[in-house]
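Counting from 1355, one number per residue, gives the positions in the sequence shown under the working numbering.
A short worksheet on the structure shown next.
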Amino acid sequence: MDGNGRWAKSHGMERSAGHLEGVNTVHTITQAAGELGVKYLTLYAFSTENWNRPQAEVDSLLNLITYALEKETPGLIENNVKLLIIGDVDRMPAEARARLDRSMEATANGTGLRLIVAFSYSSRWEITRACAKIAEEAAKGELDPATITDETVREHLATAPYPDPDLLIRTGGDFRVSNFLLWQIAYSEIFVSPTFWPDFTREEFEAIIDNFRGRERRFGLTSEQINHTLWKDLINPQCERVP
Ligand code: IPE
Ligand code: MG
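Quick look at the structure:
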């Protein structure tokens, strides 16, 4: 969700006004994803690196997530959404953390859209943590290093219960990944939109999903292979992991 600051600047406003406007887009896109039958929507809300922004902006983002959770949780429950989090939430101040825990608890029985918020998240943090956990298990003798596979790594990521993303959308026009789900997006389809996040609409979201539907995903195989009826056995062995 990029472009809040530039959106604000283009309207002669403070950056925080862009973040506030961005919350409306979160509402719109979450609603649309649920209605379109998307099963998992991961929103990159705040990165590990974002902690290094000016303190006033960090504080305003923390206040905003607290406010947004307060405001949006009843709607999430109503729409059967289950709120989940990935990231180093221990770095969050107690009040924001408590609000987050309450919202997750309140939506725990949701059976519809999984809304995964990446907060205080970075892929390098996540992969480093996975390595540390694996090393610890090996040191304790619970794991034989010779048996480590990519599945072992996957199981130790914060996203272990969820499938890899099919589609990655970046708003704000920059062609980079910015430490987001580096492991998980190995075969994701990528779409960069020039639209600043506060201006991103349901219509554009739907158009991107339509574009995605038209792409041929080969997962390193040939077109002939993936058109063979048994292709599903060759690729993507980890579709559809429901937590
Ligand atoms: C994305 O918007 C929101 C967060 C990173 C929290 P930015 O704040 O990065 O907006 P730009 O990139 O400066 O326009
Ligand atoms: Mg940015």
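Idealized CB from N, CA, C, for every residue including glycine.
Just verifying my parser: in three-state terms, what is the DSSP assignment at residue 1593? With a pLDDT of 47 at residue 1593, under the threshold of 50, the predicted position of this residue should be treated as unreliable, and no value is reported.
Cutting at 7 Å between CB atoms, please list the residues of its own chain near residue 1480, excluding the five before and the five after it. 1511, 1512
Distance, Cα to Cα, residue 1377 vs residue 1416? 13 Å
According to the neighbour-count rule (16 or more other Cβ atoms, all chains shown, within 10 Å of its Cβ), is residue 1524 buried or exposed? buried
Buried or exposed, going by whether 16 or more other CB atoms sit within 10 Å of the CB of residue 1538? buried
Could you check whether the Cβ of residue 1370 sits closer than 9 Å to any Cβ belonging to chain C? Among the chains in the structure shown there is no chain C, since it carries only a single protein chain.
Tell whether a beta-carbon distance below 9 Å holds between residue 1454 and residue 1446. yes
With the cut-off set at 9 Å, would you say residue 1468 and residue 1436 are in Cβ contact? yes
Can you check which of these residues, 1520, 1499, 1575, is closest to residue 1562 by C-alpha distance? 1520
Return yes when the Cβ of residue 1566 is within less than 9 Å of the Cβ of residue 1356, no when it is not. no
Inside the stretch 1516 to 1575 only - alpha helix (DSSP H) runs reaching at least 4 residues: 1556 to 1567
Cβ of residue 1518 within 8 Å of any heavy atom in the ligand MG? no
Just checking, does the stretch 1404 to 1415 make contact with the stretch 1528 to 1543 on the three C-beta pairs under 8 Å criterion? no
Could you compute how far the alpha carbon of residue 1548 sits from the alpha carbon of residue 1526? 5 Å
Inspect the beta-carbon positions of residue 1388 and residue 1372 and report whether they are closer than 9 Å. no
Could you tell me the distance, in whole angstroms, from the CA atom of residue 1384 to the CA atom of residue 1503? 34 Å
Which two residues bound the contiguous beta strand (DSSP E) that contains residue 1471? 1468 to 1475
Under the criterion of a Cβ to heavy atom distance below 8 Å, does residue 1413 qualify as lining the ligand IPE? no
Going by beta carbon distance, what residues of the same chain come within less than 6 Å of residue 1361, once the five residues before and after it are set aside? 1372, 1550, 1552
Please look up how many angstroms separate the CB atoms of residue 1402 and residue 1476, rounded, as I've assumed it's under 8 Å. 4 Å
For residue 1429, which option in 1457, 1487, 1544, 1578 has the closest C-alpha, if you only look at C-alpha atoms? 1457
Among 1448, 1441, 1478, which residue has its Cα nearest to the Cα of residue 1413? 1448
Between 1556, 1411, 1572, 1578, which lies nearest to residue 1386 when the distance is taken from Cα to Cα? 1556
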